[in-house]
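In my numbering, the protein residues as written are 811 to 1223. In this text, a Cβ means the ideal position worked out from N, Cα and C, and glycines have one as well. This report concerns only the one structure given below.
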């Protein structure tokens, strides 16, 4: 049968999108990777509209916010006792993580936290156990404080694997770190720890899920081989675990806010949605706040326009022809939809019943007898832009073992 998703993973699929907030010292020094030498005076934040930011992303449709509490520069956005390099020593003074958590709790937005393992400011980095204990204490300090998280809890933890090779090597003790995180957040998903965290990177920062997108990883691996590890015909046994593909990308050309940043085009952002959510991944979209603690108007307008157009694609389902919860026996199965009149088709949506696993290994879509598209994975959701007038649509599915179709829906223009 192979692995199946747990409740936390299913919930993340159903959310489809999550918001990434990069905000910190880099926002004011105008860099993506800080060197850990910026001074407290460089952090010139006067006000941050926490309620406004959280309320806005909730109105957009986000249910989860992941925040960079510490980026690679080592600057901590909470009042920590483990280093002097934190926001409490700036003119701003406030505990940013606590204030953001308060707003997320108020508006019931789940929280994830990004805590960079690579820390260029911390002198113990590269000294083995000394740094591992420092990072472990940072985890414990955050997890033990009920002011942090939505009602004191986190749903996701980000162990970013990025590191400049010019810096000393540091062997991370992920086992101890994960145990501490899970002790306080039992159902949490963790990024950056291979098969152990329940989610994995798609291998790029474009927001594009791979093809095929297979939600299985071999047990016990940290490093993911993107060229060989995602074979649709492999992993249908107890030696694999379920893992959600998380596709991260920015609304602009950088993770942190920059004065002359370029906002991604409308077309590009729709394409990102189709190649992430539409390929059975979760889209983690970065919406950075500016130096005034607000979402730039150009970014917000673009995101709202894209959301409007995406929602419009789902407005006209040909519901009389939809398929719901169909079981497929091993081998090749077909479904044919014939319309009384030719229909102007905008999009097709296929959903596999992943509670029973990801077992469809090949699918073909024919429009009026001609092959329109073929692919090797469906998973939680597969979306296809069609933009064709058609009389008949035929679907062929090949499965390893019994498979389950949750939904096939065709949408008109």
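Pair within 7 Å by beta-carbon distance, residue i and residue j
| i | j | result |
| --- | --- | --- |
| residue 922 | residue 885 | no |
| residue 1205 | residue 1175 | yes |
| residue 1013 | residue 1036 | yes |
| residue 1094 | residue 1087 | no |
| residue 892 | residue 948 | yes |
| residue 1017 | residue 1082 | yes |
| residue 1213 | residue 1170 | yes |
| residue 1157 | residue 1123 | yes |
| residue 1009 | residue 932 | no |
| residue 1089 | residue 1023 | yes |
| residue 1104 | residue 1222 | no |
| residue 865 | residue 1167 | no |
| residue 934 | residue 924 | no |
| residue 1177 | residue 1203 | yes |
| residue 1164 | residue 1190 | yes |
| residue 996 | residue 1187 | no |
| residue 1149 | residue 1201 | yes |
| residue 970 | residue 926 | yes |
| residue 966 | residue 876 | yes |
| residue 830 | residue 854 | no |
| residue 874 | residue 818 | no |
| residue 911 | residue 958 | yes |
| residue 1109 | residue 1073 | yes |
| residue 1007 | residue 1031 | no |
| residue 1208 | residue 1172 | yes |
Residue span of the beta strand (DSSP E) that contains residue i, given as start and end
| i | result |
| --- | --- |
| residue 1095 | 1092 to 1096 |
| residue 1084 | Segment 1076 to 1086 is the alpha helix (DSSP H) holding residue 1084; no beta strand (DSSP E) there. |
| residue 1110 | Taken as a continuous stretch (DSSP letters only), residue 1110 belongs to no beta strand (DSSP E), being part of the alpha helix (DSSP H) at 1107 to 1123. |
| residue 1052 | 1050 to 1052 |
| residue 1222 | 1213 to 1222 |
| residue 966 | 966 to 968 |
Beta-bridge partners of residue i, as assigned by DSSP
| i | result |
| --- | --- |
| residue 880 | 886, 925 |
| residue 1192 | 1160 |
| residue 958 | Beta-bridge pairing links residue 958 to no other residue. |
| residue 1145 | 1205 |
| residue 896 | 886 |
| residue 775 | Here the chain covers residues 811 to 1223 and nothing more, so residue 775 does not appear. |
| residue 1229 | For the chain, the structure presents residues 811 to 1223; residue 1229 sits outside this window and is missing. |
| residue 1153 | 1200 |
| residue 1071 | Note: residue 1071 sits in no beta bridge, so no partner. |
| residue 1056 | 1011, 1092 |
| residue 1099 | Answer is none; residue 1099 lacks a bridge partner. |
| residue 963 | 960 |
| residue 828 | 1094 |
| residue 975 | None; residue 975 has no bridge partner. |
| residue 1127 | 1221 |
Contacts around residue i, its chain only, beta-carbon distance under 8 Å, and the 5 residues preceding and following it disregarded
| i | result |
| --- | --- |
| residue 990 | 946, 949, 950, 953 |
| residue 861 | 913, 916, 917 |
| residue 909 | 858, 860 |
| residue 1183 | 1174, 1175, 1194 |
Own chain residues within Cβ distance below 6 Å of residue i, not counting five before or after
| i | result |
| --- | --- |
| residue 978 | 936 |
| residue 1199 | 1152, 1154 |
| residue 1060 | 1096 |
| residue 1106 | 1100 |
Span of the alpha helix (DSSP H) around residue i
| i | result |
| --- | --- |
| residue 1182 | From DSSP, residue 1182 is part of no alpha helix (DSSP H) but of the beta strand (DSSP E) over 1180 to 1185. |
| residue 941 | 939 to 954 |
| residue 994 | 984 to 994 |
| residue 1174 | Note, residue 1174: premise wrong, no alpha helix (DSSP H); beta strand (DSSP E) at 1170 to 1177. |
| residue 934 | Looking at the DSSP string, residue 934 is not in any alpha helix (DSSP H), and its letter there is neither H nor E. |
| residue 819 | 817 to 825 |
| residue 906 | 906 to 916 |
Sequence-distant residues of its chain with Cβ nearer than 7 Å to residue i (five each side left out)
| i | result |
| --- | --- |
| residue 930 | 845, 846, 882, 883, 884, 977 |
| residue 1065 | 832, 842, 1096, 1098 |
| residue 868 | 917, 919 |
| residue 1068 | 840 |
| residue 1117 | 870, 871 |
| residue 1197 | 1156 |
| residue 973 | 928 |
| residue 849 | none |
| residue 1020 | 1012, 1013, 1036, 1040 |
Minimum Cβ-Cβ distance from residue i to chain D less than 7 Å
| i | result |
| --- | --- |
| residue 1219 | Of the protein chains in the structure, only one exists, and it is not chain D. |
(request) Could you pull out every unbroken alpha helix (DSSP H) segment of at least 4 residues lying fully inside the segment 830 to 883, listed in chain order? (result) 835 to 839, 860 to 870
(request) Write down every uninterrupted run of the alpha helix (DSSP H) in the segment 998 to 1046 whose length is 4 residues or greater and which is fully enclosed by it, in chain order. (result) none
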